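Heads up: the structure comes next, in structure tokens.
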Amino acid sequence: MQQWTTGLPDTEFYGAGTKGLEAVVKEVLDTPEVAIDTETTGLVNWKDIPLYFSLAWGHRRMTLNVSALPYFDEAFKDPSKRWIMANAKYDTHILANAGHNIAGSLVDVQVMHSLLYEDHPHNLKYMNFHLFGWKWADFQDTFGKISSTQSPQQMIERAERENFTLLCEYAANDAWGTWQSYLELKRQLQGAMTHSLFSGAPLRIKTLWDLFDAIETPYTKVLWKMERRGVLLNVPYLEQIKPAAEMEIENLNRQICKLAGRADFNPNSVAQMRDYFLEQLKLRPQKMTKGGKSGVKQASIDSTFLEYHAAEVPMAKLLLEHRSVSKLYGTFIVGIGERLDPNGRIHSTLNQDVARTGRLSSKDPNVQQIPKPENDKWNIRNAFIASPGMDMIVGDYEQLEMRLLAAASLEPKMVDVINKGWDIHMGNAAMMYGVDYDDVKAAKKVDKQVKEGNLPQSAMTPRVAQLLGYRSDAKQLGFALIYGQGARATAATLGCSIIEAEEKIETFEAAYPGALAFKKEAIAETEETGYAFTILGRRRNVQEIASANKGLRKRGERIAVNTQIQGSAADVVKLAQILIDASNLEYHFGCEPLLAVHDELAYESPKSTSAEALREIKDWMEHPFPHDLAVELGVDIKRGATWGQAK
DNA sequence: TTCCCTCGCGCG
DNA sequence: AAAGCGCGCGAGGGAA
Numbered sequence: 089m090q091q092w093t094t095g096l097p098d099t100e101f102y103g104a105g106t107k108g109l110e111a112v113v114k115e116v117l118d119t120p121e122v123a124i125d126t127e128t129t130g131l132v133n134w135k136d137i138p139l140y141f142s143l144a145w146g147h148r149r150m151t152l153n154v155s156a157l158p159y160f161d162e163a164f165k166d167p168s169k170r171w172i173m174a175n176a177k178y179d180t181h182i183l184a185n186a187g188h189n190i191a192g193s194l195v196d197v198q199v200m201h202s203l204l205y206e207d208h209p210h211n212l213k214y215m216n217f218h219l220f221g222w223k224w225a226d227f228q229d230t231f232g233k234i235s236s237t238q239s240p241q242q243m244i245e246r247a248e249r250e251n252f253t254l255l256c257e258y259a260a261n262d263a264w265g266t267w268q269s270y271l272e273l274k275r276q277l278q279g280a281m282t283h284s285l286f287s288g289a290p291l292r293i294k295t296l297w298d299l300f301d302a303i304e305t306p307y308t309k310v311l312w313k314m315e316r317r318g319v320l321l322n323v324p325y326l327e328q329i330k331p332a333a334e335m336e337i338e339n340l341n342r343q344i345c346k347l348a349g350r351a352d353f354n355p356n357s358v359a360q361m362r363d364y365f366l367e368q369l370k371l372r373p374q375k376m377t378k379g380g381k382s383g384v385k386q387a388s389i390d391s392t393f394l395e396y397h398a399a400e401v402p403m404a405k406l407l408l409e410h411r412s413v414s415k416l417y418g419t420f421i422v423g424i425g426e427r428l429d430p431n432g433r434i435h436s437t438l439n440q441d442v443a444r445t446g447r448l449s450s451k452d453p454n455v456q457q458i459p460k461p462e463n464d465k466w467n468i469r470n471a472f473i474a475s476p477g478m479d480m481i482v483g484d485y486e487q488l489e490m491r492l493l494a495a496a497s498l499e500p501k502m503v504d505v506i507n508k509g510w511d512i513h514m515g516n517a518a519m520m521y522g523v524d525y526d527d528v529k530a531a532k533k534v535d536k537q538v539k540e541g542n543l544p545q546s547a548m549t550p551r552v553a554q555l556l557g558y559r560s561d562a563k564q565l566g567f568a569l570i571y572g573q574g575a576r577a578t579a580a581t582l583g584c585s586i587i588e589a590e591e592k593i594e595t596f597e598a599a600y601p602g603a604l605a606f607k608k609e610a611i612a613e614t615e616e617t618g619y620a621f622t623i624l625g626r627r628r629n630v631q632e633i634a635s636a637n638k639g640l641r642k643r644g645e646r647i648a649v650n651t652q653i654q655g656s657a658a659d660v661v662k663l664a665q666i667l668i669d670a671s672n673l674e675y676h677f678g679c680e681p682l683l684a685v686h687d688e689l690a691y692e693s694p695k696s697t698s699a700e701a702l703r704e705i706k707d708w709m710e711h712p713f714p715h716d717l718a719v720e721l722g723v724d725i726k727r728g729a730t731w732g733q734a735k
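89 is the number of the first residue of the first sequence in the numbering used here; add one for each residue after it.
Take a look at the structure:
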């Protein structure tokens, strides 16, 4: 593995007291854009600290001991400075953990790369190879594998003693590679023309560089603040749930083993379950698994299969219950409890460069997959709480994707349904089946009251049931449109025959011809340009759409439609977050961001100001553009002590 | 031990 | 031939 290449500027080294450090500090102060990277004690964003750091700009590259860090505080405090980094939020945390807060911009080359090459990896090593053909060693190639017995800190300390030159070269390479990637990617982004999915673009974005500079760069800072603050967990609440869940799992295990007649029966083993249901009970498989890389397809023992047999096969029912409880326990109760900082907060990493549509992803832990209360008997969302003296404010876009479909297609009836303030699924049902909106609404109300026991079962007349069926059809068909779902899959989700599903799809499309036309145009444009574009001009290459393989081509069409809608929804939420940040609620109200779950944003604010903060947040969420779209963006927003209560 | 893959499943 | 979009996590099981 090549460690460094010839023709690079010499690597300089500085620590506190090294001759020439003052001159370097002065030059960094006068340089508007500087690449920086850190070598750290570990990989935990709220805990680990820098041991070395490296800088690069112009024709300079250097490694510095952490002792030199304080000399750069004036530069860090400069709000106009642009710090070029790979995985910027991480290094910014590491510096902050050592008491050095960056006031300038966080310019992330990984995010730059993701705007151009969304189907590639974006780590620095890959990028340097992809952009320049460099094959530089990464950390583990250079210093050895990180393991339970060898921390990054120990490896760096050994390198200090045994091969200091290598350490300096390695660190400087990272800053240099970041700097060079920045220059190249900036050039490429500036040359990449783009346009908005919407005619009469709501913001002036001509190139991908505009998108990066105006949206993604400030967004990195917003996300950093969220990660930094983290969210407070009610630890005693989780501790209280834990033994209850453990007991429940043990009970289920006992029952399952008894039913199987074996003590070593493991409900977590799909292989054992397959054997039991297929070989022992001789049940027929419902469907096969995907098979992955190896292509080995096996009978699927998933919830579809288990639910199909739940009525007559006791084991199927028990296993469903076991899976549900053990998922809650393992992933959400134990998994989240392991990631607390000393203050009882968790700091999920919000990834800006993963999702091909421009959505965020969340990991360690993934706060975007915390169960909904209706699927969670312990209501784990109530373990996410506001800080003492504060309220949690949770704002939810209502049917954002359907609204954007309406705004993009300008389908008059759909626009009308939305701007009348109707429930979209009910409105769609009324339009689809030519019934009165108020009748659908009344049916939904009857349904609710019957479920709550305020009305007798007899209130559920055939007509009410029919209207409810219309609404649930309309809801599912709305999703089907956005996802490009075909008749077969629609039939499965609606629980009807394929013929019936085809008829329903036709009814929906006939009610909204503009929506169908939008879908066709979206596909045609992607066929023509190779890309799907979002409202802010983010683009996604959809190679599949030109495939000779019909299946792949159809997939390309689904991606083309869905990316425009899902990606535009992501743009809207992103823009709202940036505007809320820029309006400085932190200063005015002490209000700060906590969570972002696709179309849902959570903040916390002192109780005395939370009502005002809520109004401000709602306003920005509903009006993120200089001029409003053709439809209103409805946001449901509430305050409460916990995530669950504020919903 | 650690790594990788598969499966199943949580969320929008 | 079949075909719903976008993610991340935990467990099992086999390989390194």
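Beta carbons: idealized from backbone N, C-alpha and C, even for Gly. Computed from a predicted model, the values in this text were never measured in an experiment.
Asked: In the DSSP assignment, find the beta strand (DSSP E) that holds Y485 and state where it starts and stops.; Found: 478 to 485
Asked: Can you tell me whether V323 is buried or exposed? The criterion is at least 16 other CB atoms within 10 Å of its CB, across all chains shown.; Found: exposed
Asked: Is the region 160 to 180 in contact with the region 289 to 304, if contact means three or more CB pairs nearer than 8 Å?; Found: no
Asked: How about G146 and N216: are their beta carbons less than 8 Å apart?; Found: no
Asked: Which residues does DSSP list as the beta-bridge partners of L689?; Found: G483, A684
Asked: Which value, in whole angstroms, describes the spacing of the CA atoms of A699 and E674?; Found: 14 Å
Asked: Could you please give me the residues that DSSP links to F621 through a beta bridge?; Found: R627
Asked: Between which residues of its own chain and L96 is the CB-CB distance below 6 Å, once the five residues before and five after are set aside?; Found: none
Asked: Starting from the C-beta of T595, find all residues in its chain whose C-beta is less than 6 Å away, skip the five residues before and the five after it, and write them out in chain order.; Found: M520
Asked: Exposed or buried, which one is H715 when buried takes at least 16 other CB atoms within 10 Å?; Found: exposed
Asked: Relative to the C-alpha of P766, which candidate in S560, A186, S168 has its C-alpha closest?; Found: There is simply no residue 766 to check, as the chain begins at 89 and stops at 735 in what is shown.
Asked: Let me check one thing: in DSSP terms, what residues is N439 bridge-paired to?; Found: S449
Asked: Taking the alpha-carbon of V723 as reference, which of W731, K735, T730 has the nearest alpha-carbon?; Found: K735
Asked: What is the DSSP secondary structure of F713, reduced to helix, strand or coil?; Found: coil
Asked: I'd like the list of long-range same chain contacts for G625, defined as Cβ closer than 7 Å, with 5 residues on each side in sequence excluded.; Found: T282, H283, S284, I293, L299
Asked: Return helix, strand or coil for G728, following the three-state DSSP convention.; Found: strand
Asked: So, Y270 versus A176, is the Cβ gap smaller than 8 Å?; Found: no
Asked: W737 lies in the beta strand (DSSP E); which residues open and close that run?; Found: Outside the displayed span of the chain (89 to 735) sits residue 737, for which this structure offers no information.
Asked: Considering only C-alpha positions, which residue in the set A553, K508, G446, G105 is nearest to A530?; Found: A553
Asked: Using only alpha-carbon positions, find the residue among E720, E304, A289 that is nearest to V195.; Found: E304
Asked: Count Cβ pairs between the region 643 to 650 and the region 619 to 635 that sit closer than 8 Å; are there 3 or more?; Found: yes
Asked: Starting from N322, trace the alpha helix (DSSP H) in both directions and tell me its first and last residue.; Found: No alpha helix (DSSP H) contains N322, which DSSP labels as neither H nor E.
Asked: Might you give, ordered along the chain, the residues of its own chain that have their beta carbon closer than 8 Å to the beta carbon of A259, omitting 5 neighbours on each side?; Found: D125, E127, Y140, F141, S142, T151
Asked: Among the candidates P120, E720, K223, P240, whose CA atom is the shortest distance from the CA of L492?; Found: E720
Asked: Locate the beta strand (DSSP E) running through V122, then write down its first and last residues.; Found: 121 to 128
Asked: Mind checking which residues open and close the beta strand (DSSP E) that includes R576?; Found: Premise fails: R576 lies in the alpha helix (DSSP H), 575 to 582, not in any beta strand (DSSP E).
Asked: Which of helix, strand or coil does DSSP assign to Y102?; Found: strand
Asked: What are the boundary residues of the alpha helix (DSSP H) that includes P402?; Found: 402 to 415
Asked: Here's a check: name, in chain order, each residue in its chain whose Cβ is nearer than 8 Å to the Cβ of P306, leaving out the five neighbours to either side.; Found: S193, I666, D669, A670
Asked: In the DSSP assignment, find the beta strand (DSSP E) that holds F252 and state where it starts and stops.; Found: No beta strand (DSSP E) contains F252, which is instead part of the alpha helix (DSSP H) from 252 to 279.
Asked: Residues in its own chain within less than 6 Å of R447 by CB, not counting five upstream and five downstream?; Found: A658
Asked: So, for Q90: in the same chain, excluding its five sequence neighbours on each side, which residues have a beta-carbon less than 6 Å away from its beta-carbon?; Found: In this prediction, Q90 has a pLDDT of 49, which is less than 50 and means its spatial position is unreliable; what the coordinates show is noted afterwards. Closer than 6 Å at Cβ, skipping near neighbours: K223.
Asked: With DSSP run on the structure shown, which of helix, strand or coil describes A718?; Found: coil
Asked: Pick from S357, I725, I329: whose alpha carbon is nearest that of N341?; Found: S357
Asked: So which of M709, Y364, F567, N133 has the shortest CA-CA distance to Q654?; Found: F567
Asked: Please return the same chain residues whose Cβ sits closer than 8 Å to the Cβ of A547, not counting the five positions on each side in sequence.; Found: V534, Q537, V538
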